[in-house]
Each structure stands twice: as structure tokens, then as C-alpha cells.
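Peer 1: Once you've had a glance at the structure underneath, I'll fire off some questions.
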Amino acid sequence: MDISAAFTGDRKFLTIAIVNPTQEPQSLNLHLEGAQLANEAHMWQMTGPTRDAANALDKQPEVEVKETGLSSVPETLSIAPASITLYRFVAASVAAAKPHIEDHILSTQVPEPGR
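In the numbering used here, the protein residues as written are 3 to 117.
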């Protein structure tokens with residue numbers, strides 16, 4: 003899997019992007035330190051039956067994009083097989099943050115002010 007996370011420049015949103023090229027569903031535990039997310043989020047997921055799936059003009063679409071509104075922040079992020087998934091969370095409070103990934107656990111640690 004390929005995973006990246008970033009806050010917007012104004013620190014109002016945290017976006018997490020995940021590419022799952024495998025044919026198996028995956029999950030990631032979400033842990034935040036020094037930041038809190040509001041109970042409002044969106045998920046966009048682009049997926050098809052295989053990682054080589056494509057849409058063509060004269061054929062039935064193989065790849066679908068689904069948008070889902072979330073009313074709470076999940077502890078575990080679900081990732082479909084052969085998919086690209088974006089989560090966008092509303093940040094309730096954030097200091098200077100530095101996202102990092104470790105053993106399929108997405109963590110965001112916020113350094114103490116003055117460091």
C-alpha cells in the first residue's frame with residue numbers, strides 16, 4: 003500500500019490518501035497525537051474489479067467513484083481491494099503537525115510549541 007497524509011495550509015483539514023494495489027481488503031488504525039478531529043469527514047473511493055480496470059467510452063464502466071459522508075471519525079480506516087481511497091477530516095484543533103506512517107498505523111504527532 004502507498005499512504006500519505008497532510009494537513010491543508012490553514013490546518014482546517016487532514017487528508018489521508020491510500021492506494022491499495024492488492025486484491026485483498028486492508029485496514030489501518032488511525033491515531034492522532036496533539037490534534038483533534040471534528041466528527042465530520044468525507045471518504046472518496048475509486049475502485050474496480052482488478053487493479054487494471056479502466057473505463058472506456060463504448061463499454062460499461064469498470065471503475066466506480068463513491069463518495070460517503072462520515073458522521074464520526076473511525077478508529078480503523080477500511081480500504082477496498084484494488085482501490086484509491088481519500089479520507090478528508092475536519093480538524094477541530096491542530097498545532098504544527100508532522101504525519102508519519104509506521105507498520106500500517108497512521109500516526110500524526112504534533113511537536114510541542116517552541117520545538
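Even for Gly, the Cβ is constructed at its ideal location relative to N, Cα and C.
Small disclaimer: the values here were computed from a predicted structure and weren't measured.
Kindly identify the DSSP beta-bridge partner or partners of residue 22.
Peer 2: Indexing the sequence shown from 1 puts residue 22 at position 20. DSSP lists 85 as partners of residue 22.
Peer 1: Do residue 31 and residue 78 have their CB atoms nearer than 7 Å?
Peer 2: Along the sequence shown, read from residue 1 onward, the residue named residue 31 stands at position 29. Along the sequence shown, read from residue 1 onward, the residue named residue 78 stands at position 76. Contact flag set, yes.
Peer 1: Enumerate in chain order the residues of its own chain whose CB-to-CB distance from residue 25 is below 8 Å, with the five nearest sequence positions on each side excluded.
Peer 2: In the sequence shown, residue 25 corresponds to position 23, counting from 1. Hits under 8 Å: 52, 53, 83 and 84.
Peer 1: Using the three-state DSSP reduction, which class does residue 61 fall into: helix, strand or coil?
Peer 2: Taking the first residue of the sequence shown as position 1, residue 61 is located at position 59. The answer is coil: DSSP assigns residue 61 none of H, G, I, E or B.
Peer 1: Check for me: the beta strand (DSSP E) holding residue 35 runs from which residue to which?
Peer 2: Position 33 of the sequence shown, counted from the start, is the residue given in the question as residue 35. Looking at the DSSP string, the run of the beta strand (DSSP E) that includes residue 35 is 28-35.
Peer 1: Measuring CA to CA, which of 10, 5, 4 and 6 is closest to residue 93?
Peer 2: Indexing the sequence shown from 1 puts residue 93 at position 91. Closest by alpha carbon: 10.
Peer 1: Restricting to Cα atoms, I'd like to know which of 56, 45 and 88 is closest to residue 71.
Peer 2: Residue mapping note: residue 71 aligns to position 69 of the sequence shown, counting from 1. Ranking 56, 45 and 88 by Cα distance to residue 71 puts 45 first.
Peer 1: In or out: residue 62 buried (at least 16 other Cβ within 10 Å) or exposed?
Peer 2: Within the sequence shown, numbered from 1, the residue matching residue 62 stands at position 60. It is exposed - the Cβ of residue 62 has fewer than 16 other Cβ atoms within 10 Å.
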